[in-house]
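Engineer: Each residue of the sequence shown is one higher than the one before, counting from 2 in this note's numbering.
Beta carbons: idealized from backbone N, C-alpha and C, even for Gly.
The structure that follows is given in the form of structure tokens.
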Amino acid sequence: MSLSINTNIGALNSTRHLSMTETHLSRSLERLSSGLRINSARDDAAGLAISERMTSQIRGLNQATRNANDGVSMLQTADGALASISDSLQRVRELSIQAANATNSLSDKKALQEEASQLIQEIERVSSTTAFNNEKIFDSTSVGILGDSNQLAVVYGLQNGWLEQAESLIQQYYGISADGSDINIELTTFTDGAGGVAAQVVGLIPGSFTGKATDVKLQIDMSDFTPPNLPNGGTAPFYNDRIIAHEMVHAVMYRSMNVASMFDPSVDQKWFLEGAAEFIHGADERLQSSINSIGVGGVMALAGNFGTAGGAWGGSSDEYSAAYTAVGYMHQQIKANGGAGIKDVMTYLNQNQNATLNDAINAASGGLWANADAFNADFVANGAAYIAGLNLTDEDTGAIGGANVDGGAVRTAESVIPTSSSRSGTNPLSGFNEVWENIALNLPGNQKTLQVGANKNETLDVSFSAVGTAAMSIDDVDLVNNAGFATFKMDLALNHINQERAKIGAQLNRLESAITNNQISAESMTASRSRIQDADFAVETATMTKTQIIQQAATAILVQANSSPQMMLALLR
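Here you go:
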């Protein structure tokens, strides 16, 4: 080994180790003073990238939690407003019940109406002004979301008198009832415009033309039922309740007898279906109009086409007149023969499910007519004389059971279908299970999107439906003239508000769940980041102590290394 003064290898080596020790000591001091294991990218490049992504998620989750809490506050504001509206609706409903009592005078009802009007205005104010952070909460649409006022009026008429009274008359005068099957009631699926078919009952007729009709539907053309003009509906003399009574005869016949046989084109007995439907409420006005138009002879000529004698049923107004007259004549003749009239025909068909109209007419008339064609021949021969004996100009409509037909009370166009009800509600019929079409509109409402997650598209949508008076169709509540309809509307509005509050409650619960989930996620991710990013004080303290000792040793060795060249000078002495 050579000895050199010019290059002190030992000093260089000691210096290098001392420099490294100082670097390690500096890093330990930095970690201990900052509390972080990673203070710069050089400390742990991969760990830095991972921890920064975690930091983004943690900060995002914390902000999302604040967002969700703001959403909770907004929903609570909405719920408070709906609670106020609910209180007002309950009071208006209470007033409508009070106004329906006959002990109230007109001035009393006007006083009740004044309070109700003020409450309605308050509902509108709350719905239009409720806001959170200056942002309106509820949908501002004025469209009748529960069904427009005319539709609601028709539903009210059906549920609170028209259907029940029509069925009651059919049971009383025809002795038949439906068999408990479904009947679909539809207000929006059928329309042919004003002045066309106002309503119709449709059903599936078996291809064999034997048995009952199925899938029975009562379809109402709102074009002809507007304006509703409750309680009877429509205008004199053709009130809507008379139209419903007509159609209910079809519905009950469809589900109580072998009605399909009457649709057999080989016999074409639809005239009996339509004549019986007209006879339940009377059609003297129609008959008089037909006489004025085509004369008695024209009416009888149309009757001559009934059954196998002529062409198919055409459905003209004059044909309805002829059919109505034919059924009235049948009723009179059976009664004159000792029977109960048309009721005998109906009950025979109901009690003998395989019987045809031919069978029923023969049985009910005691053999006076062998079949429907035999009856029709009799009617064609004697119908003009029968018409001549009718009183078509008085108030009585010519309905079965009325003054002109059976010597009962006068049944006018307005009173022929009573407006009272004992089974009001969604199931007013005893012989059918009513399936009501949903006339409420499925509008999206005022949509609010809450960012409740740390990443894009991690959102929660909440919506607030319209609760304005026009939207709930309560802006025209009339306690003076129709308190019952007001109660009906209040019930619908309260149900709507209750559903909205239930939806808000569910959304509140969901937000609280999202908040809890965010907090747990942020906590777990923070712990994970801590394991990557935070300094381990035990490790760093030990490292610092070690490096300090090594630093001291390196310094001492460096001193020794620097003194070595001086020792070499002894060789020169």
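May I ask you to report which of helix, strand or coil DSSP gives Lys137?
Structural biologist: For the purposes of this step, residue 137 is taken as the residue at position 136 of the sequence shown. DSSP places Lys137 in strand when its eight states are reduced to three.
Engineer: State yes or no: is the C-beta of Arg511 within less than 9 Å of the C-beta of Ser52?
Structural biologist: Taking the sequence shown and counting its residues from 1, the one referred to as residue 511 is at position 510. Taking the sequence shown and counting its residues from 1, the one referred to as residue 52 is at position 51. It is not a contact, given that the beta carbons lie outside the stated cut-off.
Engineer: Looking at C-beta atoms only, is the number of pairs between the region 53-71 and the region 443-452 that lie closer than 8 Å three or more?
Structural biologist: yes
Engineer: Along the chain, which unbroken stretches of the alpha helix (DSSP H) at least 4 residues long are found entirely within the region 315-368?
Structural biologist: 318-337, 343-352 and 358-365
Engineer: Can you give the Cα-Cα distance for Ile206 and Leu430, rounded to whole angstroms?
Structural biologist: As a first step, residue 206 is located in the sequence shown; it is residue number 205 there, counting from the start. As a first step, residue 430 is located in the sequence shown; it is residue number 429 there, counting from the start. Distance between the alpha carbons of Ile206 and Leu430 is about 23 Å.
Engineer: Using the Cα positions of Asn519 and Ile39, report the straight-line distance between them to the nearest angstrom.
Structural biologist: Within the sequence shown, the letter at position 518 stands for residue 519. Within the sequence shown, the letter at position 38 stands for residue 39. When rounded, the distance between both Cα atoms is 26 Å.
Engineer: Can you have a look at Glu524 and say buried or exposed, based on whether 16 or more other CB atoms are within 10 angstroms of its CB?
Structural biologist: What you label residue 524 is simply residue 523 of the sequence shown in a count that begins at 1. Answer is exposed; the Cβ neighbour count stays below 16.
Engineer: Could you compute how far the alpha carbon of Ala378 sits from the alpha carbon of Asn443?
Structural biologist: In the sequence shown, residue 378 corresponds to position 377, counting from 1. In the sequence shown, residue 443 corresponds to position 442, counting from 1. Going from the Cα of Ala378 to the Cα of Asn443 covers about 56 Å.
Engineer: DSSP three-state label for Val381, please.
Structural biologist: Residue mapping note: residue 381 aligns to position 380 of the sequence shown, counting from 1. Of the three classes helix, strand and coil, the one that applies to Val381 here is helix, per DSSP.
Engineer: Closer than 8 Å by C-beta to Gly340: which residues in its own chain qualify, once you throw out the five before and the five after it? Chain order, please.
Structural biologist: Counting from 1 along the sequence shown, the entry for residue 340 is found at position 339. Only Ala365, Ser366 and Gly367 meet the Cβ criterion.
Engineer: My guess is that Met254 and Leu274 are in contact by the Cβ rule of under 8 Å, so how many angstroms apart are they, rounded?
Structural biologist: Here the question's residue 254 lines up with position 253 in the sequence shown. Here the question's residue 274 lines up with position 273 in the sequence shown. Going by Cβ atoms, the distance from Met254 to Leu274 rounds to 7 Å, so yes, they are a contact pair.
Engineer: Could you tell me how far apart the beta carbons of Met526 and Gln58 are, in whole angstroms, since I believe they sit closer than 8 Å?
Structural biologist: Position 525 of the sequence shown, counted from the first residue, corresponds to residue 526. Position 57 of the sequence shown, counted from the first residue, corresponds to residue 58. The Cβ separation is near 6 Å, so the contact holds.
Engineer: May I ask you to report which of helix, strand or coil DSSP gives Lys449?
Structural biologist: Taking the first residue of the sequence shown as position 1, residue 449 is located at position 448. Three-state result, Lys449: strand.
Engineer: In the DSSP assignment, the alpha helix (DSSP H) including Ala65 goes from what residue to what residue?
Structural biologist: Your numbering for residue 65 matches position 64 in the sequence shown. From DSSP, the alpha helix (DSSP H) with Ala65 extends over Ala46 to Ala100.
Engineer: Going straight from the alpha carbon of Asp88 to that of Gln289, what length do you get?
Structural biologist: Mapped onto the sequence shown, residue 88 falls at position 87. Mapped onto the sequence shown, residue 289 falls at position 288. Roughly 54 Å between the two C-alpha positions.
Engineer: Could you spell out the range, first to last residue, of the alpha helix (DSSP H) harbouring Asn151?
Structural biologist: Within the sequence shown, the letter at position 150 stands for residue 151. Its alpha helix (DSSP H) spans residues Ser150 to Gly158.
Engineer: Could you tell me the distance, in whole angstroms, from the CA atom of Asp180 to the CA atom of Gly432?
Structural biologist: Along the sequence shown, one-based indexing puts residue 180 at 179. Along the sequence shown, one-based indexing puts residue 432 at 431. About 6 Å.
Engineer: Using the beta-carbon count (16 or more within 10 Å), is Pro229 buried or exposed?
Structural biologist: Translated into positions along the sequence shown, residue 229 becomes position 228. By the neighbour-count criterion, in which a residue is buried when 16 or more other Cβ atoms sit within 10 angstroms of its Cβ, Pro229 is buried.
Engineer: So, does the region 18-28 touch the region 493-505, judging by three or more C-beta pairs under 8 Å?
Structural biologist: no
Engineer: Which residues in the same chain have their Cβ closer than 6 Å to the Cβ of Met2, if we skip the five residues on either side of it in sequence?
Structural biologist: On the sequence shown, residue 2 is found 1 positions in, with the first residue counted as 1. Model confidence at Met2 stands at a pLDDT of 49, short of 50, so the residue's coordinates are unreliable and nothing is read from them.
Engineer: Can you tell me whether DSSP reads Phe280 as helix, strand or coil?
Structural biologist: Stepping through the sequence shown from its first residue, residue 280 is reached at position 279. The DSSP-derived three-state label of Phe280 is helix.
Engineer: Assign Glu248 to one of three DSSP states: helix, strand, or coil.
Structural biologist: Counting from 1 along the sequence shown, the entry for residue 248 is found at position 247. In the structure shown, Glu248 sits in a helix (DSSP, three-state: H, G or I).
Engineer: Nearest to Ala278 by alpha carbon, out of Val260, Ala373 and His247?
Structural biologist: As a position in the sequence shown, residue 278 is number 277, starting the count at 1. Ala278 has its Cα closest to that of His247, out of Val260, Ala373 and His247.
Engineer: Pick out whichever of Leu393, Leu33 and Ser15 has its Cα sitting closest to the Cα of Phe538.
Structural biologist: On the sequence shown, residue 538 is found 537 positions in, with the first residue counted as 1. When only C-alpha atoms are compared, the closest one is Leu33.
Engineer: Starting from Ser529, trace the alpha helix (DSSP H) both ways and give me its first and last residue.
Structural biologist: Taking the sequence shown and counting its residues from 1, the one referred to as residue 529 is at position 528. Where Ser529 is concerned, the enclosing alpha helix (DSSP H) stretches over Ala484 to Gln534.
Engineer: Name the two residues that bound the continuous beta strand (DSSP E) containing Lys218.
Structural biologist: Residue 218 sits at position 217 when you count from the first residue of the sequence shown. Looking at the DSSP string, the run of the beta strand (DSSP E) that includes Lys218 is Thr215 to Ile221.
Engineer: So the candidates are Ile221, Ile550, Val155 and Ala323; which of them puts its Cα closest to the Cα of Ala195?
Structural biologist: For the purposes of this step, residue 195 is identified with residue 194 of the sequence shown, where counting begins at 1. The option with the nearest alpha carbon to Ala195 is Ile221.
Engineer: Just mark Glu501 as buried or exposed, buried being the case when its beta carbon has 16 or more other beta carbons within 10 Å.
Structural biologist: In the sequence shown, residue 501 corresponds to position 500, counting from 1. Flag for Glu501 reads buried.
Engineer: Among Leu153, His18 and Leu113, which has the Cα closest to the Cα of Phe489?
Structural biologist: As a working note, residue 489 is residue 488 in the sequence shown. Out of Leu153, His18 and Leu113, Leu153 has the C-alpha closest to the C-alpha of Phe489.
Engineer: Below 8 Å on the Cβ atoms is my contact criterion, and I expect Ala199 with Ile244 to pass it. Report the Cβ-Cβ distance as a whole number of Å.
Structural biologist: Along the sequence shown, read from residue 1 onward, the residue named residue 199 stands at position 198. Along the sequence shown, read from residue 1 onward, the residue named residue 244 stands at position 243. The Cβ separation is near 5 Å, so the contact holds.
Engineer: Do the region 461-477 and the region 134-153 touch if we need at least three Cβ pairs shorter than 8 Å?
Structural biologist: yes
Engineer: Would you mind reading off the limits of the alpha helix (DSSP H) that contains Asp285?
Structural biologist: Numbered from 1 along the sequence shown, position 284 holds the residue referred to as residue 285. Run containing Asp285: Asp285 to Ala304, per the alpha helix (DSSP H) assignment.
Engineer: Tell me whether the beta-carbon of Ala284 lies closer than 9 Å to the beta-carbon of Thr398.
Structural biologist: Looking up residue 284 in the sequence shown gives position 283. Looking up residue 398 in the sequence shown gives position 397. Yes; because the gap between Cβ atoms is below 9 Å, this pair is in contact.
Engineer: Rounded to whole angstroms, what is the Cα-Cα separation between Pro238 and Glu286?
Structural biologist: Against the sequence shown, residue 238 aligns to sequence position 237. Against the sequence shown, residue 286 aligns to sequence position 285. Cα to Cα, the separation comes out at about 8 Å.
Engineer: With 16 other CB atoms within 10 Å as the buried threshold, where does Leu107 fall?
Structural biologist: Taking the first residue of the sequence shown as 1, we reach residue 107 at position 106. Result: exposed.
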